[in-house]
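Q: Just dropping this structure here.
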Amino acid sequence: RAKAAGPGGWAVYEQGMHTRALARLRLETDLRRALDQGRISVHYQPIVHLASGRITGMEALARWRHPERGWVPPAEFIACAEETGLILRLGRHVLDTACAQLGAWSAVLPAAGELSVSVNVSVRQFAQAELADQVKMALERGGVAPGRLRLEITESVLMDAGGDAPAVLGRLRSLGAATWMDDFGTGFSSLSALHRLPMDGVKVDRSFLAEDEARGAPVLAAIAGLARGLGLQTVAEGVETPAQLDRVRALGCDHAQGYLISPALDAEAMLALLAQDRRW
Ligand code: C2E
Ligand code: MG
Ligand code: MG
Ligand code: MG
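Residue numbers (the UniProt record's numbering): 350 to 629.
What follows is the structure in structure tokens.
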């Protein structure tokens with residue numbers, strides 16, 4: 350702590366702040382340049398339909414390989430993009446790329462015609478009036494049927510949007526796209542919000558799997574049961590072990606996503622995985 354550092358302590362403290370501010374500015378400049386140069390890529394993490402054991406969808410995740418720093422964690426650059434507004438460009442790039450990629454896969458892999466792609470929508474995008482038009486355009490350009498796109502919005506974003514959330518979700522759904530609540534269980538939404546919002550499914554946060562089974566399982570079972578009762582689909586996030594896969598299946602989740610199945614892969618590796626047509 351700066352004060353405890355005695356004479357000169359504040360100087361050290363200010364220097365620390367200065368260094369952080371510089372690093373932050375540097376990150377923003379580099380991220381802007383990466384967007385300008387098309388160096389933000391999109392990777393895809395498979396989602397398995399538990400009843401059939403097949404991959405029926407995938408989540409598009411932004412990836413950035415910095416020329417000097419190597420891979421930058423999304424937690425870091427997404428936060429920076431959110432703070433600076435660059436997320437509007439980044440989000441649109443991921444949306445366009447994911448739809449174009451799904452269209453391209455469908456042309457080479459017959460079974461890919463059934464796959465869905467999930468795209469994360471940030472708080473700023475959600476508040477933007479142009480979002481629905483951008484979604485419509487991305488689908489048209491990719492030649493993708495709207496029902497194959499799932500838009501993931503975190504629970505906290507939906508809660509912050511308050512009274513506007515149902516209208517925005519409704520517009521997206523009227524295009525034919527599916528709306529999903531991401532990281533469900535981490536925010537403060539009342540369960541009743543689930544049935545008031547026009548949504549197609551919930552992604553159950555991986556924290557319930559990470560907890561020991563005796564504590565996590567009842568919560569997962571309750572969420573899966575509630576979702577089913579409301580006609581919502583579920584994806585269990587963060588499945589890392591065979592035991593966890595068995596558990597989410599037994600507890601009645603519809604889909605699973607996690608490192609056990611695969612981490613996010615580049616488009617080429619994802620196509621190779623799809624071509625294997627493996628069952629989990
Ligand atoms: P998210 O949307 O909840 O995405 C799932 C995250 O969980 C991904 O992290 C994924 O790699 C990670 N994950 C998947 N399976 C496992 C597992 O078995 N164990 C563990 N420990 N983690 C697993 P990632 O790619 O680092 O992204 C983190 C977050 O950054 C995302 O969370 C999302 O909120 C945000 N993000 C990533 N790409 C985008 C994007 O294009 N737009 C927006 N708005 N946000 C994005
Ligand atoms: Mg997500
Ligand atoms: Mg999530
Ligand atoms: Mg998450």
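For every residue, glycine included, the Cβ atom is placed at its ideal position computed from N, Cα and C.
Drop a sphere of 10 angstroms on the beta-carbon of residue 342, count the other beta-carbons inside from all chains shown, and report buried for 16 or more, exposed for fewer.
A: The requested residue 342 does not occur in the structure, where the chain is confined to residues 350 to 629.
Q: I'd like to confirm the pairing. Which residues does DSSP put opposite Gln394 in its beta bridges?
A: Bridge partners of Gln394: Glu408.
Q: Kindly indicate which three-state DSSP category Val597 falls into: helix, strand or coil?
A: Three-state DSSP puts Val597 in a helix.
Q: Just to confirm, are Trp529 and Val493 a CB contact at a threshold of 9 Å?
A: Not a contact, by the Cβ cut-off of 9 Å.
Q: Whole angstroms is fine: what's the gap from Cys602's alpha carbon to Glu489's?
A: Cys602 and Glu489: Cα-Cα distance of roughly 32 Å.
Q: Name the residue from Val466, Ala476, Phe426 and Leu558 whose alpha carbon lies nearest to the alpha carbon of Phe533.
A: The residue with the shortest Cα to Cα distance from Phe533 is Leu558.
Q: In this structure, what does DSSP give as the bridge partners for His544?
A: In the DSSP output, where bridge partners are listed per residue, His544 has none listed.
Q: Please classify Asp513 as buried or exposed, where buried requires at least 16 other C-beta atoms within 10 Å of its C-beta.
A: Classification for Asp513: exposed.
Q: Trp454 lies in the alpha helix (DSSP H); which residues open and close that run?
A: Its alpha helix (DSSP H) spans residues Ile436 to Val457.
Q: Helix, strand or coil for Lys352, going by three-state DSSP, please let me know.
A: In this predicted model, Lys352 has a pLDDT of only 49, less than 50, meaning its place in the structure is not dependable enough to derive any value.
Q: Determine the DSSP secondary structure at Arg627, reduced to helix, strand or coil.
A: In the structure shown, Arg627 sits in coil (DSSP, three-state: anything other than H, G, I, E or B).
Q: Is DSSP giving Ser401 helix, strand or coil here?
A: Of the three classes helix, strand and coil, the one that applies to Ser401 here is coil, per DSSP.
Q: Does any heavy atom of ligand 3 sit closer than 8 Å to the C-beta of Asp603?
A: Not so, every heavy atom of ligand 3 lies at least 8 Å from the Cβ.
Q: Put residue 319 into one of helix, strand or coil per three-state DSSP.
A: Lying outside 350 to 629, the shown extent of the chain, residue 319 is not represented and no answer is given.
Q: Starting from Gln582 and walking both ways along the beta strand (DSSP E), at which residues does that stretch end?
A: Gln582 -> beta strand (DSSP E) spans Gln582 to Glu586.
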